[in-house]
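Protein chains in written order, with my numbering: chain G, 1 to 139; chain F, 1 to 139. Ideal placement from N, C-alpha and C gives every residue a C-beta, glycine not left out. Comments concern the structure below.
2 protein chains.
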Amino acid sequence: MNEPRNWPTGLKKTRQRLAVLEVLESTRELLTVSEICARLDASEGTPSISTVYRVLDLFEKKGVVVKTNAISGDTAVYALNRFEHRHYAICVACKKIIAMDNCPMESFVPSLADEGFHVVGHDLQIMGFCRECDQKRGG
Amino acid sequence: MNEPRNWPTGLKKTRQRLAVLEVLESTRELLTVSEICARLDASEGTPSISTVYRVLDLFEKKGVVVKTNAISGDTAVYALNRFEHRHYAICVACKKIIAMDNCPMESFVPSLADEGFHVVGHDLQIMGFCRECDQKRGG
DNA sequence: CAACAAATGCGAACGATTCGCATGTACGCT
DNA sequence: AGCGTACATGCGAATCGTTCGCATTTGTTG
């Protein structure tokens with residue numbers, strides 16, 4: 001188990017937390033809790049599913065991971081916070097997730113009825129067909 | 001019960017479906033299923049909750065309503081499809097939802113590794129504090 | 001090494017949504 | 001108008017993701 005560079009202050013370093021972190025460090029995919037659990041099963045010291053939820057909640061609060069449930073709507077996905085601003089395109093056929101390199105919000109001022117609205121973040125996904133599925137659909 | 005202009009072909013006009021449609025026609029808010037049920041309770045012929053789900057699924061497939069679960073993540077919200085392109089800003093404190101009049105995607109080409117990706121839609125929300133909640137937070 | 005607070009495991013609880021199946025009803029046909 | 005059938009509904013149970021309560025274990029600090 002490797003030593004993460006920036007362990008948040010005041011958090012105990014437990015086997016379970018390090019294991020979850022290791023899974024997230026090992027990929028750039030967005031993982032659901034069950035996917036994280038599946039990858040944990042391979043290694044020893046597998047935490048229970050409630051612990052995984054608690055660890056992820058904690059990590060999210062501390063800014064170690066980012067969470068979004070925008071992709072499938074009914075299941076949250078998590079990724080290590082690499083301090084990149086990222087959005088994703090999702091293939092509606094095969095559910096493949098493709099990272100986007102740019103962001104339309106960089107130079108966008110929303111037009112809102114509440115003019116005092118203080119923007120702190122945003123969430124964006126693009127839906128469509130990946131090249132492969134688009135070809136399968138034919139013309 | 002009024003006659004909707006564009007009833008999708010091949011759908012039986014039932015009391016329950018018309019009632020759900022009426023609720024959605026009566027507001028521009030985004031409503032959860034339980035909110036819809038609450039508004040149905042006032043009128044007679046209240047459909048069961050499973051029927052409300054089924055009616056909404058059907059309406060969504062037919063393009064009569066739009067569904068999104070991006071707002072709260074764990075609860076879907078529905079609105080009549082008024083064939084407007086709309087996004088929303090959500091106050092993270094009071095959960096107020098404010099419609100946005102413009103869209104950053106109008107002139108945006110996503111940069112994706114899959115160059116054949118065929119975009120068919122997108123979903124965007126802005127998070128922040130509404131004027132009121134922002135003031136309460138103080139400086 | 002002891003002590004305490006914090007973390008974990010387990011299973012139960014929960015809310016949103018879906019499903020199965022028996023019953024009811026809209027709509028086309030006569 | 002009346003019939004018949006495919007489709008819609010109601011009800012409750014099942015499911016899925018997630019949270020919670022509580023007894024037990026484990027990091028960390030001194």
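- Residue state for G:Lys67 is assigned as strand, using DSSP reduced to three classes.
- Distance from the CA atom of G:Leu80 to the CA atom of F:Lys13, rounded to whole angstroms, is 49 Å.
- For a cut-off of 8 Å, the C-beta gap from G:Ile71 to G:Ile98 is around 12 Å, too long to register as a contact.
- Note on F:Arg17: 16 or more other CB atoms within 10 angstroms of its CB, so buried under the neighbour-count rule.
- Against F:Gln125, the close residues of chain G are His122, Asp123, in the order they occur along the chain (beta-carbon pairs closer than 7 Å).
- Within chain F, the residues Met100, Asp101, Asn102 have their CB atoms less than 8 Å from the CB of G:Ser111, given in chain order.
- Annotation: F:Val66 to G:Val55 spans about 35 Å, alpha carbon to alpha carbon.
- Beta-carbon to beta-carbon, F:Ala76 and F:Phe129 are separated by about 24 Å, too far to satisfy the 8 Å threshold.
- Taking each of F:Gly73, F:Asn102, F:Ser50 in turn and checking the Cα distance to F:Arg86, the smallest one comes out for F:Asn102.
- In this structure the segment 47 to 54 of chain F lies against the segment 16 to 33 of chain F, because at least three pairs of beta carbons, one per stretch, are closer than 8 Å.
- Counting every other CB atom within 10 Å of its CB across the protein chains shown gives F:Phe117 a total of 16 or more, marking it as buried.
- Bounds of any beta strand (DSSP E) do not take in G:Leu11, whose DSSP letter is neither H nor E.
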